[in-house]
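Trainee: Let me give you the structure first, and then I'll get to my questions.
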Amino acid sequence: MTAGTRAPLRVPFSDLWSMRIEHPYSMLVRAGGHAWTCGQCPLAANGAVLAPEDIIGQAEHVDRYIRTLLVKADYTPANVGKLVIYHACQEPAALSQVLSRFGRAYPGALLIPVGTPYFYYPGMKIEIDVHATGHRGPLLSRELYGLRLRAVDAGDLVWMSLEVLDHAAVAPGRSVPASNVVLQALREFAGISTEALLADHWFVIEDGAASALDALRRAGLITDIGAAVGVALPPGVIAIGELTFSSNGVMRSLARSPHSGTAVFARSSRSHFWIAARSLSGASLVEETEAIMAAISAMMRAQDWRFEDVTKATTHYLGSSAPQDLHGNMAVRNAYYRRPGPASTGLPVAGFPFSQSKVAVDVLGVIE
């Protein structure tokens, strides 16, 4: 534990809200000067959906849950650096109202709206991941070369969103930026090098994003193009990268390890590690999840990391709105953790446009 950081804290599920399946996850994990929540849902203590079909009413419940958890972590809204706002809202006015609410409630935080086709409990319209830090800088924002960049300095981490704008709409006749232009944009914006990339999630519209993502992949900003998920994005945006950079020491080289037909990727800095995996087998959702978790476990053993050190786990899967689709793959993931485990988020997406995979899982951990 570095000087000035507090002892790890894991806030277990209790009477705040609950899911309809037993699990080993935490509501919030604070470690190494940062905190992560599980996806905060508008659910009651018995797992019932609150304010069904009402995203504005559900946002009020989720906001209240977030504030309660921040108090438990000895944080305030000013410590929140990033909110990933998953939503299933088809009404632009209602979504705008929700985004405005969270923008006012957590000033200076990076907001990343991601439209999912549905959630796993009928009537649920919103789920929010919270990333907080004890040392948050101001929100930086700039538009360069058809890219909209926003970033928050979180001490030894930098949280960034990279929006790829629809050039046909914003600059007719202009092609997507080349990889060297992307790198220049990052340097001009925040002095960031792609060599410092620790973790990434990519959200894309189902068509029209391939050429832009290829330039970003060549620039070193996409770990696994096959893990990019198809979602609904704000008007004029064809792709969003949710990126985490490390400013704490030199990153270890990207590790790749084929394991039973599974693509596995890993990075680490002096203070954090990240592993991402997806199956290449074309098997069922549960079978792919089993292969993914076995591959992540093998990578952990090879690097001498532990599931006990995972602070945030994220799963995107191709399934229906039926709870059993979530519960089926969740039961496989649950077996690798002991209570209180990491903050975890798992939700359905519209698809994986660049692969045949049905599920992708990644874990972020703190190196003590």
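Number 268 in the working numbering belongs to position 268 of the sequence shown; there are no gaps in the numbering.
Glycine residues also receive a C-beta, built at the ideal position from the N, C-alpha and C atoms.
(1) Answer with buried or exposed for residue 46, where buried requires no fewer than 16 other C-beta atoms within 10 angstroms of its C-beta.
(2) Where does residue 200 sit, in a helix, a strand or coil, going by DSSP?
(3) Where does residue 48 fall in DSSP's three states?
(4) Does DSSP put residue 293 in a helix, a strand or coil?
(5) Would you mind stating whether residue 83 and residue 76 have Cβ atoms separated by less than 8 Å?
(6) Quick one: measure Cβ to Cβ for residue 292 and residue 359, integer angstroms, because I've assumed they're closer than 8 Å.
(7) From residue 295 to residue 333, what does the alpha carbon distance come to, in whole angstroms?
(8) Among residues of its own chain, excluding the 5 on either side of residue 24, which ones have a beta-carbon nearer than 8 Å to its beta-carbon?
(9) DSSP three-state call for residue 363: helix, strand or coil?
(10) Quick one, are the C-beta atoms of residue 36 and residue 244 less than 8 Å apart?
(11) Considering only C-alpha positions, which residue in the set 66, 53, 8 and 350 is nearest to residue 128?
(12) Could you tell me which of 116, 54 and 308 sits nearest to residue 318, measuring between CA atoms?
(13) For the segment 198 to 212 and the segment 234 to 248, state whether three or more C-beta atom pairs, one from each stretch, are separated by less than 8 Å.
(14) Give me the residue from 26, 90, 143 and 266 with the minimum Cα distance to residue 130.
(15) I think residue 55 touches residue 114, with their Cβ atoms under 8 Å apart; what is that distance to the nearest whole Å?
(16) Where does residue 371 sit, in a helix, a strand or coil, going by DSSP?
(17) Can you tell me whether DSSP reads residue 179 as helix, strand or coil?
(18) From the DSSP output, which residues share a beta bridge with residue 151?
(19) Does residue 63 pass the burial test, meaning 16 or more other C-beta atoms within 10 Å, or should it be called exposed?
(20) Tell me which residue opens and which closes the alpha helix (DSSP H) that residue 68 is part of.
(21) Quick one, which of 195, 231 and 141 has its alpha-carbon nearest residue 222's?
(22) Give the range of the alpha helix (DSSP H) segment to which residue 191 is assigned.
(23) I'd like the list of long-range same chain contacts for residue 351, defined as Cβ closer than 8 Å, with 5 residues on each side in sequence excluded.
(24) Taking just the CA atoms, how far does residue 234 sit from residue 92?
(25) State the DSSP-derived secondary structure class of residue 283, mapped to helix, strand or coil.
(26) Do you know how far the Cα of residue 112 is from the Cα of residue 288?
Mentor: Inspection of the coordinates gives the following:
(1) exposed
(2) strand
(3) coil
(4) helix
(5) no
(6) 7 Å
(7) 12 Å
(8) 334, 337, 338, 339, 340 and 341
(9) strand
(10) no
(11) 66
(12) 116
(13) yes
(14) 26
(15) At roughly 14 Å, the Cβ-Cβ gap does not stay under 8 Å, so residue 55 and residue 114 are not in contact.
(16) An answer regarding residue 371 cannot be provided, because it is not within the stretch 1 to 368 covered by the chain.
(17) helix
(18) 140 and 160
(19) buried
(20) 55 to 72
(21) 195
(22) First-last for residue 191: undefined, no H or E at that position.
(23) 206, 229, 230 and 318
(24) 9 Å
(25) coil
(26) 28 Å
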